[in-house]
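Each protein sequence line maps, in turn, to chains U, W and R. Using my numbering, the first residue of the first sequence is number 1, and each one after it goes up by one. Using my numbering, the first residue of the second sequence is number 83, and each one after it goes up by one. Using my numbering, the first residue of the third sequence is number 309, and each one after it goes up by one. The beta carbon of each residue, even a glycine, is placed where N, CA and C say it ideally should be. All of these numbers come straight from a predicted model, not from anything done at the bench. These notes are about the structure you will find just below.
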Amino acid sequence: MSWLAVLVLVLVVVQIIAALFSVWQKDLLLAALGTSAISVVLSVLFYLLQAPDVALTEAAIGVALSTIIFVIAIKKTDRYEE
Amino acid sequence: MRKAIAILLLAIVGYYFINVFIHMPFGEKREGVGKYYLENTVKETGAANVVTAIVVSYRGFDTLGEVTVLFLAATGLGAILFGKRGEKRRLQGASVIVKTTSMMLYPMVVLLGAYVFVHGHLTPGGGFQGGAIIATGVLLMFMSYRHFNVSHNALTWIESLAGLTFATVGLIGLALGTTFLQNFLPLGTPNDLVSAGIIPIIYIAVGFKVGAELTGVLDNMLKTIR
Amino acid sequence: MLYYIGAISLILIGMYAVLTKKNLLKIVVGLSIVDSGVNLLFISVGYVKDATAPIFSMPSLTADKMVDPVPQALVLTAIVIGLATTAVALGLVIRLYDHHKTLNINKIRQLKW
């Protein structure tokens, strides 16, 4: 098992944990940050899969714009899930 | 009960996913349309980046449709939030450090976005990425300066002109050649900045269009009163 | 293979959120997780072992040692469209909250705006 495979394993595990976190979290702001973490990991995975174009798109959109849109929507509505 | 049914359904979906992907070994070379693109892109379009050539040239009509979907989504968001816009935003801005840093970073972020979409046919990147990076730069200004404003008229003009450029270039190709988006400019040598015929023109137009639309989306969301 | 597992589990987790959660914003979060998973699945289907990115930046690169560019071109636009549709969904959620003062779908019973 090379170090690259270990890196991929760690990234995939982090990604799944972040997804579970953002599904079970009651605080919606933290859930939105969880999706942002998924996007960061996804961007690295795209780079490792030899897709630099897609990695660039995911880094710009998934990390910055998508998160901020969720944050604005949470600010205009409720923060906590009852 | 609801959760049990959901997990049962997901187990069925997951079972079929695994059944499909067990016959699709990871990392194996497949013969398909991708092979044709890889072998003929540089010859036929002059672009070094094959992904750009596919997005703009081989599937350019598809990209025109995607840009239209983006436009409709941005307009639809404006229509949904119509009547809720107002200036009742808190006027207290960010701290001096954030303000100064974002003032210094803003031109560089916009420059990076412009670089990414001008070099779309040579390096990773292109109109979609560059437009998103420019929108990120505008977002930086929105966050640090509460009174920072973008003119909606200017955004509409940029959007319309960029869309018009895309359609016009395609129609000129149709008039001079045989198909929509036919290349009518010299291809040049691959890996030069001025090469690949109409691909840079269209990707720059797409960059402006995506940047203006995403900025409009952010502006619409931010200006909504609670 | 690990990529497939990651992508499929993202899709399933997102679908679970969509099916069981009652909060509208949580449902949109679930949809965006499904979106990420589908994108990862597409790119990992196009991967070829020991291959390079599909960019002819050096003369030494040859076409038979490159990953499949078609899924990358599809996913590239899909990410941008995904952001736009998420924004529309959130706009609808904001409008609904405005009218009903709640995000719980069980409490939103009337179908009128």
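Residue nearest to residue i in terms of C-alpha spacing, selected from the options
i, options, result
"residue 286 of chain W", "W/179, W/216, W/117 and W/156", "W/216"
"residue 40 of chain U", "U/8, U/50, U/80 and U/59", "U/59"
"residue 18 of chain U", "R/337, R/326 and R/328", "R/337"
"residue 86 of chain W", "R/310, R/328 and R/377", "R/328"
"residue 248 of chain W", "W/274, W/177, W/257 and W/146", "W/146"
"residue 237 of chain W", "W/291, W/96, W/250 and W/186", "W/291"
"residue 314 of chain R", "W/100, W/91, W/90 and W/235", "W/100"
"residue 312 of chain R", "W/90, W/104 and W/91", "W/104"
"residue 206 of chain W", "W/111, W/135 and W/189", "W/135"
"residue 76 of chain W", "W/200, W/198, W/201 and W/284", "As displayed, chain W neither begins before 83 nor continues past 308, which places residue 76 of chain W out of reach and without an answer."
"residue 3 of chain U", "U/48, U/70, U/31 and U/62", "U/48"
"residue 276 of chain W", "W/96, W/252 and W/202", "W/202"
"residue 116 of chain W", "R/326, R/343 and R/382", "R/382"
"residue 234 of chain W", "W/228, W/126, W/84 and W/295", "W/295"
"residue 184 of chain W", "W/148, W/228 and W/258", "W/228"
"residue 265 of chain R", "W/84, W/256, W/111 and W/251", "Lying before the first or after the last residue shown, residue 265 of chain R is absent from chain R, which here runs from 309 to 421."
Nearest-angstrom beta carbon gap, residue j and residue i [assumed within contact, 8 Å]
i, j, result
"residue 88 of chain W", "residue 324 of chain R", "6 Å"
"residue 411 of chain R", "residue 339 of chain R", "About 15 Å; that fails the 8 Å criterion."
"residue 38 of chain U", "residue 221 of chain W", "In fact, because the Cβ distance is near 20 Å, the residues do not count as touching under 8 Å."
"residue 356 of chain R", "residue 109 of chain W", "6 Å"
"residue 321 of chain R", "residue 20 of chain U", "6 Å"
"residue 273 of chain W", "residue 368 of chain R", "Not confirmed; about 13 Å, so no contact."
"residue 192 of chain W", "residue 219 of chain W", "5 Å"
"residue 373 of chain R", "residue 395 of chain R", "The Cβ separation is near 39 Å, so there is no contact."
"residue 302 of chain W", "residue 160 of chain W", "5 Å"
Cutoff 6 Å; reference residue i; Cβ partners in own chain excluding five residues on either side
i, result
"residue 35 of chain U", "22"
"residue 293 of chain W", "213, 216 and 217"
"residue 269 of chain W", "128 and 279"
"residue 377 of chain R", "362"
"residue 210 of chain W", "292"
"residue 265 of chain W", "279 and 280"
"residue 124 of chain W", "272"
"residue 107 of chain W", "none"
"residue 62 of chain U", "39"
Residue i (DSSP reduced to helix, strand or coil)
i, result
"residue 376 of chain R", "coil"
"residue 412 of chain R", "strand"
"residue 306 of chain W", "strand"
"residue 67 of chain U", "helix"
"residue 274 of chain W", "coil"
"residue 80 of chain U", "strand"
"residue 104 of chain W", "coil"
"residue 182 of chain W", "helix"
"residue 27 of chain U", "strand"
"residue 347 of chain R", "helix"
"residue 280 of chain W", "coil"
"residue 360 of chain R", "strand"
"residue 265 of chain W", "coil"
"residue 235 of chain W", "helix"
Short Cβ contact (8 Å threshold) for residue i with residue j
i, j, result
"residue 81 of chain U", "residue 409 of chain R", "no"
"residue 34 of chain W", "residue 362 of chain R", "Residue 34 of chain W lies beyond the range of chain W shown here (83 to 308); nothing can be said about it."
"residue 33 of chain U", "residue 79 of chain U", "no"
"residue 66 of chain U", "residue 391 of chain R", "yes"
"residue 50 of chain U", "residue 375 of chain R", "yes"
"residue 279 of chain W", "residue 263 of chain W", "no"
"residue 137 of chain W", "residue 208 of chain W", "yes"
"residue 300 of chain W", "residue 230 of chain W", "no"
"residue 232 of chain W", "residue 297 of chain W", "yes"
"residue 162 of chain W", "residue 399 of chain R", "yes"
"residue 73 of chain U", "residue 401 of chain R", "yes"
"residue 414 of chain R", "residue 386 of chain R", "no"
"residue 45 of chain U", "residue 11 of chain U", "yes"
"residue 380 of chain R", "residue 54 of chain U", "yes"
"residue 318 of chain R", "residue 15 of chain U", "yes"
"residue 226 of chain W", "residue 155 of chain W", "no"
"residue 187 of chain W", "residue 130 of chain W", "no"
"residue 153 of chain W", "residue 241 of chain W", "yes"
"residue 282 of chain W", "residue 198 of chain W", "no"
"residue 371 of chain R", "residue 121 of chain W", "yes"
"residue 140 of chain W", "residue 119 of chain W", "yes"
Close beta carbons around residue i, own chain, < 8 Å, minus the five adjacent residues each side
i, result
"residue 316 of chain R", "345 and 349"
"residue 26 of chain U", "80 and 81"
"residue 309 of chain W", "This structure leaves residue 309 of chain W out entirely; chain W is present only between 83 and 308."
"residue 404 of chain R", "332, 411 and 416"
Beta-carbon contacts of residue i that lie in its chain and below 7 Å, excluding the five residues immediately before and after
i, result
"residue 304 of chain W", "224"
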